[in-house]
Amino acid sequence: LVASPVMDETELVEDVVRLFEGVGVLILIVGAVYVGARALIDLVGRRPVYEATRKRFARSLLLGLEVLVAADVIQTVAVENTLRSVATLGVLVLVRTVLSFSLDIEIDGVVPWRKRQVEAEEAAGEAPA
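Here it is as structure tokens:
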């Protein structure tokens, strides 16, 4: 039997999607282990743990989510180009955007569009409003 080129392309794209998903999960796992180790080091060193741990974990979570969304986009565009899959992708991207926005605020303590202003005020020695 001779495999059709379309089947080979679909299998290749599915392999790429699985690779992206694996990398995304790996980022989440490695990030969690790293954050846990840093938290233990901070705890042993009697340094504040909670805030730094939250920020570190939020960063790794954000990166892992970005890679997983990329896998979903590739899957939807290249393999499952149906109305249902596009709608599912839209919901995933919406949820990811809201989560990303929330994590950005948690990490930086300010909404993204005010970040430069607050940094400039802090550099000038002013207290942020």
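Per our numbering, the sequence shown runs over residues 3 to 131.
Where is the CB? At the ideal position from N, CA and C, for every residue including glycine.
Between the CA atoms of residue j and residue i - distance to the nearest angstrom
i, j, result
"L96", "A72", "13 angstroms"
"L85", "F22", "23 angstroms"
"L45", "R118", "32 angstroms"
DSSP three-state assignment for residue i, whether helix, strand or coil
i, result
"T55", "helix"
"L84", "Looking at the sequence itself, residue 84 is Thr, so the reference to Leu does not match. If DSSP states are grouped into helix, strand and coil, T84 belongs with coil."
"V113", "coil"
Classification of residue i by the beta-carbon crowding that lies within 10 angstroms, buried from 16 upward
i, result
"L14", "exposed"
"D10", "exposed"
"G38", "exposed"
Cβ pair residue i, residue j closer than 8 angstroms
i, j, result
"V79", "G26", "no"
"L65", "L105", "no"
"E108", "R56", "yes"
query: Is the region 39-54 in contact with the region 87-95, if contact means three or more CB pairs nearer than 8 angstroms?
result: The answer is no - the region 87-95 does not touch the region 39-54, with fewer than three Cβ pairs under 8 angstroms.
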